[in-house]
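Q: The structure is given below, and queries will be raised subsequently.
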Amino acid sequence: MIGIKLLFLTIFTLADVSQSQHFSPGAVKPLNGPNLESAVRRLSSALKNVASGGGPNYEILKVNFATTQVVQGTLDTYNVKLTQGGVIKKCEVKIWSQPWMSKGGNNIKIACNGQLETDVTL
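So the sequence shown is residues -20 to -1, 1 to 102, counted in mature numbering (1 follows the signal peptide of the UniProt record, and there is no 0).
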């Protein structure tokens, strides 16, 4: 009898927790506050790495929003305004990070005005 009560208690507790936290593995999550600040630092670092590797030199003007998603690593997506050589561009930057890989653990894709401009793996 106690076993059945514990089973029902466990089921009801799990149901309540799942409804209140909306936990969804692999779901896209918007970034804000300290998480957004940290993500913007990662973006800035990634753009510097692209430039130091012979790619275009972009500067961040504004981050409109950013999201993160866990997919065999972490995929951060940024909707940003960047400048390159004085030209302002609306861009989407995707940084796919797989830190356990010794080489090629970061893929950076930059698409501006609907055109893929950069696709590098560092």
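Cβ atoms here follow ideal geometry from the backbone N, Cα and C, with glycine treated the same way.
Do Pro10 and Thr47 have their C-beta atoms within less than 8 Å of each other?
A: In the sequence shown, the residue the question calls residue 10 occupies position 30. In the sequence shown, the residue the question calls residue 47 occupies position 67. Yes, Cβ-Cβ distance for Pro10 and Thr47 is below 8 Å.
Q: Got a sec, what are the start and stop residues for the beta strand (DSSP E) Ser77 sits in?
A: In the sequence shown, counting from the first residue as 1, residue 77 sits at position 97. Its beta strand (DSSP E) spans residues 67 to 77.
Q: With which residues is Gln49 paired in a DSSP beta bridge?
A: For the purposes of this step, residue 49 is taken as residue 69 along the sequence shown, with counting starting at 1. Gln49 pairs with Leu55.
Q: Where does Leu27 land, buried or exposed, given buried means 16+ other C-beta within 10 angstroms?
A: Position 47 of the sequence shown holds residue 27. It counts as buried.
Q: Just to confirm before moving on: does the CB-CB distance between Lys61 and Lys74 stay below 8 Å?
A: Indexing the sequence shown from 1 puts residue 61 at position 81. Indexing the sequence shown from 1 puts residue 74 at position 94. No, they are not a contact pair.
Q: With 16 other CB atoms within 10 Å as the buried threshold, where does Leu(-15) fall?
A: Locating residue -15 in the sequence shown gives position 6, where the first residue counts as 1. Annotation note: pLDDT 44 at Leu(-15) (below 50); position unreliable, coordinate value reported separately. So Leu(-15) counts as exposed.
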